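Undergrad: In UniProt numbering, the protein residues as written are 1 to 162.
A virtual CB, placed ideally from N, CA and C, is assigned to each residue, including glycine.
Please read all numbers here as calculations on a predicted model, not as lab measurements.
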Amino acid sequence: MHEYFLHPGELIFSRRHMLVKTVLGSCVAVCLHDKVQRIGGMCHYLLPVAPTDEQRSTKYGDVAIRVLLSKFLGKAGSRKEDLLASVIGGAFVVFDEREIFFVGDRNVEVALRLLKEHGVYVLQMNTGGDYGRRVLFEPHTNRLVVEQIKGVTVDDLYNPEA
């Protein structure tokens with residue numbers, strides 16, 4: 001099976017049988033699966049809302065989630081009632097004593113708000129806490145495995161071996 005490591009600020013949409021991996025701290029991953037078409041996707045974002053229109057990037061939740069939803073509701077022709085969502089991450093993470101991130105809760109809030117606005121059912125949530133997460137997602141089947149990671153570092157977010 002093909003494997004892909006999703007970095008912060010990226011998203012993936014796939015009709016293939018594959019495994020998507022990512023590592024989260026205060027970041028959030030939103031996984032979407034169309035239960036009828038058996039397609040899926042994931043976005044991994046760092047911050048909840050883009051500060052300006054000029055800074056519209058998928059590293060922001062409001063942008064990443066809308067782009068991911070458009071892949072399903074637009075191009076793929078999914079119906080919102082066929083979509084299942086999982087929201088993962090949003091931890092309170094201290095990378096070291098100088099770097100404390102409080103954005104985890106806001107990252108989760110933007111995901112829940114946008115999914116609700118679009119009428120997408122949230123099937124699973126694994127959020128909050130003071131630990132990172134390793135996420136394994138099969139878009140084709142909606143199989144999701146979330147493992148806790150103590151002591152997650154910024155480097156782990158970009159390391160497929162973390």
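Would you mind giving the Cβ-Cβ distance between P48 and G61, rounded to the nearest angstrom? I have them listed as a contact below 8 Å.
TA: 5 Å
Undergrad: Excluding the five sequence neighbours on either side, which residues of its own chain have a C-beta within less than 6 Å of the C-beta of L69, listed in chain order?
TA: H118
Undergrad: Pull up the CB-CB distance for Y121 and L73, whole angstroms please, since I reckon it's below 8 Å.
TA: Rounded, the Cβ-Cβ distance is 14 Å, inconsistent with contact.
Undergrad: Contact between the region 120-134 and the region 23-42: three or more CB pairs below 8 Å?
TA: yes
Undergrad: So what does DSSP say about A29, is it helix, strand or coil?
TA: It is a strand residue.
Undergrad: Measuring CB to CB, does T58 end up less than 9 Å from G89?
TA: no
Undergrad: Pick helix, strand or coil for E3, following the three-state DSSP scheme.
TA: strand
Undergrad: Using 8 Å for Cβ pairs, my map puts residue 165 next to A91. What's the rounded Cβ distance?
TA: This structure gives no information on residue 165, because the portion of the chain shown stretches from 1 to 162.
Undergrad: Tell me the DSSP bridge mates of T127?
TA: G89
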